[in-house]
Amino acid sequence: MIVIHCTFRFFDRAMADLPSFLRPYWPRRMTGTLRDYARAAIGAGLGILCTGLIALNVLPGDWHSAVFLIAPMGASAVILFCLPSSPLAQPWAILAGNTVSALAGVFFTQLLPQQLVFAAALAMLSAIALMFALRCLHPPSGAVALTAVLGGEAIHNLGYSFVWWPVLANSILLVLTAWLYHTLTGYRYPAAHHEHAPNSPTHMHYQFGFRQEDLQTALGQFHEVLDIHPEQLQSLLEQTELIAYKRKLEAIECREIMRPVSTTLEFGDALETAWQLILKQAEPAIPVVNKAQLVIGLLSVSDFMRHAKAESYREVAPALKRLIRWSPTTHSDKPEVVGQIMTTPAITITEHMHLMHTIPLMTSHHLQLLPVVDASNKLVGILTQTDVIRALYR
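Everything in the sequence shown is counted per our numbering, starting at 1187 for the first residue and increasing by one.
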């Protein structure tokens, strides 16, 4: 751990002293902590140890004792323990990638026994093509193909048995060891990838940026193979976007962007009066308050439409007229005042609430307007969706 830390400091200091034209090519510090690095190194060592001991002492057969563990397993261990969430480190990539590469290597070795250089090149070409076709790209599998060709007499004598022993057997043992080690150390392996959940907080409350189709288009234009699942990349980018929005929104309080209250209603106001006010003002709803200026509800066009109970489009206007018209009698079978049709209880926010906390309220409850109250719960302003959007882009 101390050696790794000192090495990091050396690289950082050396980069500062480099000429500017060399700095872009200087190795950057990798993601992760010293604990992650130690965990990966210990895991890789234990993985090779367990794979080798089991292959040498537990599995039956004496004829294979000279080839119980092949060198490419070391490269597989690096990917499997250092990059366990990578598509290149998943069980299918390791098992299928190593197997088809071994098959390609043995095939061309037997086809061109006197031309091993050509056999090696053809084995490598075929191995990569097969791995792309089978979705099991695993870089160490290229070394498996070359081992089958250039491994010497001990490997050549195995023939196609080399595919299942030691290649497939080593691969299975290494994957099982990695699964056990990652499980015991609190890491999820294999890294299952899922379709992005449409009901996640990122999707529900912070849909300001890119969509999945945008990411797929960008990946299609990248023209390179990325060592990360598209779902993981999308999640990472959305979390980055969310953190950026939070950083920006946490600095804004509602009182900084709220608009003053231009109109309020009371419980006993007539529906006809309220309807005229709604038509004249720009806000999507009007707060309803009591004598103490405490918010008791919200009134919007939706409330009128809900209580008009029009059964078809043609009946909307007549139904609204019947609802709004004041009944001259002392008894009525329809609502007559604001308090009878308003949405209650009203969801309010405080003037010192950070703007980021208002977005989930608006999206979850489908609100276009939120009344803003002070410490004594008295109405001091209103906040609309337009105000929030304007604050995001100012």
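Cβ atoms here follow ideal geometry from the backbone N, Cα and C, with glycine treated the same way.
The structure displayed is predicted, hence computed values, not measured ones.
Taking all protein chains shown into account, decide if residue i is buried (16 or more other Cβ within 10 angstroms of its Cβ) or exposed.
{"i": "F1304", "result": "exposed"}
{"i": "D1573", "result": "buried"}
{"i": "P1387", "result": "Confidence at P1387 is low in this model, with a pLDDT of 43, below 50, so its placement is unreliable and the value that follows should be read with caution. Under this definition P1387 is an exposed residue."}
{"i": "V1244", "result": "exposed"}
{"i": "F1394", "result": "Because F1394 sits at a pLDDT of 49, beneath the cut-off of 50, its placement in the model cannot be relied upon, and the following sentence gives the value as read from the coordinates. F1394 comes out exposed."}
{"i": "I1468", "result": "Note on identity: in this sequence residue 1468 is Ala, with Ile being the wrong assignment. A1468 should be labelled exposed."}
{"i": "P1352", "result": "buried"}
{"i": "Y1375", "result": "buried"}
{"i": "W1249", "result": "With a pLDDT of 48 at W1249, under the threshold of 50, the modelled position of this residue cannot be trusted; read the value that follows with caution. Burial call: exposed."}
{"i": "I1228", "result": "exposed"}
{"i": "A1383", "result": "Confidence in A1383 is poor, its pLDDT being 47 and thus under 50, which makes the residue's placement too unreliable to answer from."}
{"i": "E1442", "result": "exposed"}
{"i": "L1565", "result": "buried"}
{"i": "N1563", "result": "exposed"}
{"i": "L1359", "result": "buried"}
{"i": "L1569", "result": "buried"}
{"i": "S1498", "result": "exposed"}
{"i": "T1426", "result": "exposed"}
{"i": "L1422", "result": "exposed"}
{"i": "I1464", "result": "buried"}
{"i": "L1581", "result": "No answer is possible for residue 1581: it lies beyond the span of the chain, which begins at 1187 and ends at 1580."}
{"i": "N1385", "result": "The predicted position of N1385 is uncertain, since its pLDDT is 45 and thus under 50; a value taken from the coordinates is nonetheless stated next. It counts as exposed."}
{"i": "H1552", "result": "exposed"}
Check whether the Cβ atoms of residue i and residue j sit closer than 9 Å, and answer yes or no.
{"i": "A1313", "j": "G1291", "result": "yes"}
{"i": "T1363", "j": "G1233", "result": "yes"}
{"i": "F1294", "j": "V1335", "result": "yes"}
{"i": "P1277", "j": "V1361", "result": "yes"}
{"i": "A1241", "j": "L1255", "result": "yes"}
{"i": "G1483", "j": "T1449", "result": "no"}
{"i": "I1438", "j": "L1320", "result": "no"}
{"i": "A1577", "j": "E1522", "result": "no"}
{"i": "A1377", "j": "C1322", "result": "no"}
Check for me: the alpha helix (DSSP H) holding residue i runs from which residue to which?
{"i": "L1547", "result": "T1544 to H1551"}
{"i": "P1557", "result": "Here P1557 belongs to no alpha helix (DSSP H); instead the beta strand (DSSP E) covers L1555 to V1559."}
{"i": "M1259", "result": "P1258 to C1268"}
{"i": "L1232", "result": "L1220 to N1243"}
{"i": "V1502", "result": "V1502 to I1510"}
With distances taken Cα to Cα, identify the nearest neighbour of residue i among the options.
{"i": "E1544", "options": "V1524, L1484, E1436 and I1464", "result": "Glu is not the amino acid found at residue 1544; the sequence shown has Thr there. Selected option, being the one with the closest Cα: E1436."}
{"i": "S1287", "options": "P1205, M1317 and A1275", "result": "M1317"}
{"i": "F1490", "options": "E1458, P1514 and A1241", "result": "E1458"}
{"i": "T1534", "options": "R1508, Q1479 and Q1402", "result": "Q1479"}
{"i": "T1536", "options": "V1524, L1556 and I1527", "result": "L1556"}
{"i": "H1368", "options": "L1266, W1350, C1322 and A1306", "result": "L1266"}
{"i": "Q1554", "options": "D1560, A1561 and P1546", "result": "P1546"}
{"i": "P1473", "options": "M1528, L1401, S1347 and I1510", "result": "M1528"}
{"i": "V1420", "options": "A1404, L1289, Y1431 and K1432", "result": "Reading off the sequence shown, one finds Gln at residue 1420, where the question assumed Val. Per the Cα distances, A1404."}
{"i": "V1481", "options": "G1525, W1365 and A1456", "result": "G1525"}
{"i": "Q1296", "options": "H1324, P1325, S1347 and A1263", "result": "S1347"}
{"i": "L1269", "options": "P1299, G1218 and C1236", "result": "G1218"}
{"i": "R1445", "options": "V1559, C1236, E1417 and G1238", "result": "V1559"}
{"i": "P1273", "options": "H1538, Q1571 and E1417", "result": "E1417"}
{"i": "T1333", "options": "L1235, H1551, A1279 and G1260", "result": "G1260"}
{"i": "G1567", "options": "Y1431, A1355 and V1447", "result": "V1447"}
Which residue comes first and which comes last in the beta strand (DSSP E) that contains residue i?
{"i": "T1570", "result": "L1565 to T1570"}
> Taking the runs of the alpha helix (DSSP H) that are 4 residues or longer, which of them lie wholly in the segment 1287-1356?
Replying inline: 1302-1320, 1326-1336 and 1339-1342
>> Runs of 3 residues minimum, wholly inside the segment 1435-1488: which ones carry the beta strand (DSSP E) assignment?
In response: 1471-1475 and 1481-1486
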